[in-house]
Amino acid sequence: MVDISLKNRTVSGVGWSALEAFLGQGVTFIVGLVLARLISPEEYGLIGIVTIFTTILLGFVDCGFGNAVIRKQDANDDDYNTMFIVNLGMSVFTYMLLWGGLHL
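Heads up: the sequence shown is residues 38 to 141, going by my numbering.
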């Protein structure tokens, strides 16, 4: 078994995370350009506003449970069930928050 140092694992992890962020932003940019050509400015602005709220609320939905379970060495069914229930509850809560905000 090859022993990889902590420094090498850290550099590799940072590299993969940077690549994921860069590609995600690139795809979002390209989709935005295509949408800007296909829809009206009012609709494009509405999509922008919804995207901002969705991005902010996704941070609250996850609450870090996914990353915690991934990093936990001895994760069991209770951990997975807790993560599922909390994420489901937060998703329902944020949906109701958005729905209520749209119907004020």
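Using N, Cα and C, we set each Cβ at its ideal position, and we do this for glycine too.
As the structure is a prediction and not an experimental result, all values here were calculated from the model.
* Indicate whether the contact test is met: 3 or more Cβ pairs, each with one atom in the segment 116-127 and one in the segment 96-105, closer than 8 Å. => Counting Cβ pairs under 8 Å, three or more are found: they touch.
* Asked: Do you know whose CA, among 52, 48, 84, lies nearest residue 70's CA?
  -> The residue you call residue 70 lines up with position 33 of the sequence shown. Ranking 52, 48, 84 by Cα distance to residue 70 puts 84 first.
* How should residue 120 be labelled, buried or exposed, when 16 other C-beta atoms within 10 angstroms of its C-beta is the threshold for buried? -> Start at 1 with the first residue of the sequence shown, and residue 120 comes out as number 83. So residue 120 ends up on the buried side.
* For residue 89, does the three-state DSSP call read helix, strand or coil? -> Along the sequence shown, one-based indexing puts residue 89 at 52. Helix, per DSSP.
* Asked: How many Å lie between residue 68 and residue 55 at the Cα?
  -> If you number the sequence shown from 1, residue 68 lands on position 31. If you number the sequence shown from 1, residue 55 lands on position 18. About 20 Å.
* State the DSSP-derived secondary structure class of residue 108, mapped to helix, strand or coil. => As a first step, residue 108 is located in the sequence shown; it is residue number 71 there, counting from the start. Residue state, collapsed to three classes: helix.
* To do: Excluding the 5 residues preceding and the 5 following residue 118 in the sequence, name in chain order all residues of the same chain whose CB lies nearer than 8 Å to its CB.
  => Locating residue 118 in the sequence shown gives position 81, where the first residue counts as 1. Same-chain partners within the cutoff: there are none.
* Nearest to residue 62 (by Cα), restricted to the options 139, 78, 77, 92 -> As a working mapping, residue 62 is identified with position 25 in the sequence shown. For residue 62, the closest alpha carbon among the candidates 139, 78, 77, 92 is that of 92.
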